Amino acid sequence: MKISLGVNGEKRELEIEPYRSLLDVLRNDAGLTGTKKGCDVGDCGACTVIVDGKPLNSCLMLGVEAQGCEVVTIEGIRHPLQEKFMDLGGAQCGFCTPGMIMMAKALLDEKPHPTEEEVRFAIAGNICRCTGYTRIVEAILHVSRR
Amino acid sequence: MSVVGKSVRRPDVPGKVTGAARYAGDLALPGMLHAKLKRSTVAHALIRRIDFSRAMKLAGVKAVLTHESVPRVLHYGSPHPRSASLACDQYILDRKVRYWGEAVAAVAAESEEIADEALDLIEVEYEELPALLTVENALASSVLIHDTKNNLVTDPVRVKRGDVDKGFAEADLVIEGTYEMGRPTPAYMEPNVCVAQWQEDRLTMWISTQTPFMVRGILAEVLGLPLAKVRVLVDHMGGGFGAKQDLFQTEFLCALLAKQTRRPVRLEFTRKETFLGGRSRHPGKVWLKQGFRKDGTLTARQARVTLNSGAYGSHGPGVTAVGTAALTSLYRCDNLMLEGKCVYTNTPIAGAYRGYGVVQTYYALDIQMDEAAERLGMDPCALKLQNAVREGDIAPSNHAVVGHGLEDCIRRGMQEVNWPVKKKTKNRGWGMGCEMHGSSAYPGIKEQGNATVRLNEDGSAQLFTGTTGLGTGAHTALAQIVAEELGLRFEDVSVVHGDTDVVPWDIGAFASHTTYMGGRAAQMAAAEVKKQLLERAADALEASAADLDVSLGMIRVKGSDKSLAVKALVSPTRGVPSKQFVASATYTPTKSYSFAAHFVEVQVDTETGQIDVLQVVPVHELGKVIHPVAAAGQIEGGIQQGIGHTLTEDYVIDPVTGRSLNAGFVDYKMPLSLDMPPIRTILLETAPDPGGPFGAKGVGEDPIIAIGPAIANAVYAAIGVRFRHYPITPEQVLEGLKSR
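Residue numbers (the working numbering), protein chains in the order written: chain A, 1 to 146; chain B, 147 to 886.
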């Protein structure tokens with residue numbers, strides 16, 4: 001079936017299978033592989049994207065539900081978070097990074113100056129197995145203090 | 147130094163923060179099919195009959211493979227060079243099932259959904275055998291899991307030095323105990339994935355592996371192809387932590403399905419399959435007995451290490467040998483008697499995972515040192531310092547230890563936390579744990595690092611390396627080493643990797659040897675190119691090559707103001723560069739050891755049994771730090787995994803059926819952002835190793851080892867309950883408090 005949605009500010013008409021998740025639609029039908037599939041059941045946060053201003057696990061939303069929505073993926077942003085993740089060691093293997101940055105962006109969009117506790121709470125659903133989170137939290141706090 | 151020791155921006159990260167970085171799973175080829183595996187529903191059985199006729203009738207299904215239709219070639223579970231580290235006990239698919247969840251058939255179809263549906267249409271009839279789900283059962287039973295004379299993966303490892311009987315007789319205190327370890331898994335974020343494509347008789351495989359040349363070798367061997375007909379490509383990887391050294395049978399199945407269907411085939415594990423078909427750390431038991439004199443001197447150490455390999459041998463022999471041999475050291479002892487056993491059971495496969503057997507044995511050793519200190523009336527740091535391995539001692543690899551790294555780590559940590567820390571708050575306590583870990587897998591494997599360095603006509607350099615980019619930043623470290631040695635700016639060195647057709651042979655990224663061994667090979671190749679450059683420059687500058695030096699892209703005559711840019715020296719005249727500056731180097735390392743001491747504060751909630759780690763001060767001695775942020779990142783990530791396996795992580799297998807009970811991230815509990823304490827990482831460079839580049843040693847495996855006993859010891863300091871196992875759960879804490 002056909003859906004029409006905004007992806008990173010561009011209007012897209014996509015022919016999709018009705019049972020496909022938004023994650024699979026983004027990766028396979030829209031060709032945007034920056035969003036990662038770590039578990040496909042909403043446990044790891046690697047597939048976090050922003051839909052109509054809210055962060056969500058794109059594996060838990062059907063593609064058809066995104067009809068008429070505005071979806072922002074890692075490919076669609078240029079944000080100081082990206083610089084800080086690079087400089088402060090916030091990315092190692094990088095597989096959680098797109099989801100982590102999207103979640104952090106959603107947090108800072110809503111609350112530009114969070115406390116460390118609020119940062120840790122916001123990314124509690126985004127699993128990173130490489131960094132111990134220390135440098136991720138530091139990178140987000142750094143941006144929030146600008 | 148101008149490049150080494152600086153936290154330069156890693157060239158692999160821009161793609162990771164923008165989504166441009168390509169992982170094997172991101173690949174989509176025209177006409178690509180999707181494969182799925184049918185997995186067993188019993189733990190131990192012979193396959194009587196397997197019928198996939200209904201699956202083949204499903205629209206969109208292109209091929210089904212079973213044990214009847216794949217080559218029957220016995221092979222190693224991990225494609226390392228043949229060595230004592232591994233077991234040769236696997237078939238692509240077998241007529242026997244050895245654990246619940248083992249693959250019994252593979253389907254290729256037009257979509258993942260169709261392939262999934264087809265799995266349900268495959269009928270398998272089993273003749274069940276008794277399932278041996280514990281080490282005790284497997285050792286006692288006459289039922290055999292493999293065609294071996296007993297259920298041991300390999301002959302027991304035995305190490306004997308001095309005379310333990312004499313040692314125990316001389317002891318004022320003899321202490322013994324049994325320590326038990328659960329089943330943590332690496333849980334890398336990127337599920338295993340590969341894509342196979344044939345072009346005529348040539349196979350190309352895109353895969354997330356730590357060991358691309360080993361994958362090439364074993365694909366060629368098992369499929370009967372010459373090496374030149376197999377090309378393995380690895381770009382970015384979403385972690386591996388050791389486990390992605392193994393083969394997962396998917397590589398063969400993907401290649402065979404692609405051959406049969408004449409279409410590219412992709413196979414990606416679900417998260418659940420990364421548990422079922424992945425590799426865990428070896429669950430185990432360590433019985434340990436030590437003797438001490440009144441003054442704290444160790445007189446004897448005896449141990450029996452028993453590890454559960456699961457259904458296949460994988461790295462079991464290597465893990466058992468390394469873990470057992472580790473008990474020869476850390477704390478000096480002349481009288482030793484050690485035994486290590488690795489046992490098959492009908493449970494998921496244990497394999498290589500960061501720490502490689504040493505996590506288990508040092509957990510036992512370092513907790514027992516804490517127990518001994520109390521019984522001797524000594525401070526645990528003082529006892530450990532007194533017995534700490536030092537320069538000239540024989541390391542587990544049979545090499546002399548360089549420097550006094552362990553003592554340096556303990557002393558620095560004591561200063562940092564002001565040890566002994568006075569107890570101010572109830573149910574809070576500090577503990578410490580130590581470790582040493584080798585860079586490189588020598589002597590288990592005769593290792594080799596290779597590198598080629600080439601100058602471009604603009605004066606920039608390219609490093610060709612076969613090592614993979616696991617996510618550690620290894621390629622960055624290697625480029626820093628080349629830039630430093632060659633006298634170029636970091637920006638002028640790029641790294642070519644990830645293609646077995648192009649880069650020099652490589653053993654793989656594991657055993658904390660990438661910077662140590664690959665870095666040294668890169669340094670040697672760069673030194674050779676530098677020599678070529680200076681010889682060329684000597685003519686141009688009318689000086690002797692010995693009087694020249696190069697730094698940040700400028701060649702200078704020492705003691706004069708005469709200089710020449712590297713770029714000018716190599717730059718083309720009429721389009722042709724002055725010469726092809728290129729060199730390759732091979733480095734065959736032995737081994738060096740990195741050291742660490744972890745100091746940890748915990749708080750125990752005596753109502754809920756919850757243990758909170760409040761802060762960690764890890765002190766690591768690394769010889770020379772190439773990239774401080776990346777090195778610290780390795781340590782912090784290792785501590786995260788170590789906190790997990792000590793307190794919450796345990797992949798649970800049903801003791802009756804052998805089923806996996808928590809194969810997913812909701813039930814397999816890893817530390818999340820809210821669970822992680824502040825970590826104050828301290829890096830020391832007090833014992834540089836002459837075998838490493840600029841003295842550098844490995845850092846990847848170390849941080850996961852010392853954190854475990856440090857936590858257990860801190861819990862004892864907090865509530866006076868001694869735990870000799872991991873994970874230490876809240877229920878057990880409550881039980882422990884009751885019996886206090």
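Glycine included, C-beta positions come from ideal geometry on N, C-alpha and C. Computed from a predicted model, the values in this text were never measured in an experiment.
Among B/G788, B/Y662, B/V722, the one whose alpha carbon lies nearest that of B/S738 = B/Y662
Would you please state the rounded distance, in angstroms, between the beta carbons of B/E681 and B/K770? I believe it to be under 8 angstroms.
-> Not confirmed; about 28 angstroms, so no contact.
Assuming B/T233 and B/T300 form a contact by the criterion Cβ under 8 angstroms, report the distance between their Cβ atoms to the nearest whole angstrom.
-> For the sequence presented, residue 233 of chain B should be read as Ala rather than Thr. Sure, about 7 angstroms apart at Cβ, within 8 angstroms.
Name the residues in the segment 46 to 73 of chain A whose C-beta lies less than 9 angstroms from a C-beta of chain B; which are they?
-> A46, T73
Put A/D109 into one of helix, strand or coil per three-state DSSP.
-> helix
Output the residue ranges of the alpha helix (DSSP H) runs that lie fully inside the segment 75 to 146 of chain A and measure 4 residues or longer, sorted by chain position.
-> 80 to 88, 97 to 110, 116 to 122, 134 to 144
Closest residue to B/H428 among B/A496, B/V289, B/L413, B/R408 (Cα-Cα distance) = B/A496
Using a Cβ-Cβ cut-off of 6 angstroms (strictly less than) and excluding sequence neighbours within five positions of B/A672, which residues of its own chain qualify?
-> V599, V628, E631, L632
Return the Cβ separation of B/T752 and B/I865 in integer angstroms, given the expectation that the two are a contact with Cβ distance under 8 angstroms.
-> 7 angstroms
For the beta strand (DSSP E) that B/L694 lies in, which residues bound it at each end?
-> 694 to 697
Candidates A/L108, A/E110, A/G76, A/E118, of which the one nearest A/V30 by Cα = Strictly speaking, residue 30 of chain A in this sequence is Ala, with Val absent from that position. It is A/G76 whose Cα lies nearest to the Cα of A/A30.
Which listed residue (A/R146, A/F85, A/R12) has its alpha carbon closest to that of A/A66 | A/R12
Thinking B/G459 and B/G223 are a contact (beta carbons under 8 angstroms), I'd like their distance in whole angstroms, please.
-> 6 angstroms
At which residues does the beta strand (DSSP E) containing B/R348 begin and terminate?
-> 348 to 353
Can you list, in chain order, the residues of its chain whose CB lies under 7 angstroms from that of B/L710, leaving out five sequence neighbours each side?
-> A683, A686, L687, I701
Mind pulling the chain A residues with CB within less than 7 angstroms of B/P160?
-> M86
What residues match up with B/T611 in a beta bridge as DSSP calls it?
-> The partner list for B/T611 (beta bridge, DSSP) is empty, contrary to what the question assumes.
Is the shortest distance between the beta-carbon of B/A686 and the beta-carbons of chain A less than 8 angstroms?
-> no
First through last residue of the beta strand (DSSP E) which encompasses B/H766 = 757 to 767
Listed by chain order, chain B residues near A/I16 by CB distance under 7 angstroms | None at all; the shortest Cβ gap to chain B is about 12 angstroms.
In whole angstroms, what separates the C-alpha of B/T445 from that of B/D293?
-> 42 angstroms
Can you find a C-beta in chain B that's less than 8 angstroms from the C-beta of A/P114?
-> no
Interface residues of chain A around B/L820 at Cβ under 7 angstroms?
-> R120, F121, A124
Alpha carbon of A/S4 to alpha carbon of A/I50, nearest angstrom = 17 angstroms
Just tell me which of B/G437, B/G705, B/V750, B/G423 has its CA closest to the CA of B/A457.
-> B/G423
Taking the runs of the beta strand (DSSP E) that are 3 residues or longer, which of them lie wholly in the segment 771 to 806 of chain B?
-> none
Count the other CB atoms within 10 Å of the CB of B/K431; is the residue buried (16 or more) or exposed (fewer)?
-> buried
Could you pull out every unbroken alpha helix (DSSP H) segment of at least 4 residues lying fully inside the segment 681 to 744 of chain B, listed in chain order?
-> 712 to 716
Is the Cβ of A/P80 closer than 8 angstroms to any Cβ of chain B?
-> no
Should B/G615 and B/G664 be called a contact, given that it needs their Cβ atoms to be closer than 8 angstroms?
-> no
Would you mind working out which of B/I857, B/K162, B/L393 sits nearest B/Q891, comparing C-alpha positions?
-> No answer is possible for residue 891 of chain B: it lies beyond the span of chain B, which begins at 147 and ends at 886.
At least three beta-carbon pairs within less than 8 angstroms, the segment 402 to 418 of chain B to the segment 512 to 531 of chain B = no
Host beta strand (DSSP E) of B/D235 (start-end) | 234 to 236
Per the contact definition of three or more C-beta pairs closer than 8 angstroms, is the segment 153 to 169 of chain B in contact with the segment 839 to 856 of chain B?
-> no
Are the beta-carbon atoms belonging to B/G151 and B/I772 less than 8 angstroms from one another?
-> yes
Nearest to B/Q436 (by Cα), restricted to the options B/T493, B/G313, B/V216 = B/G313
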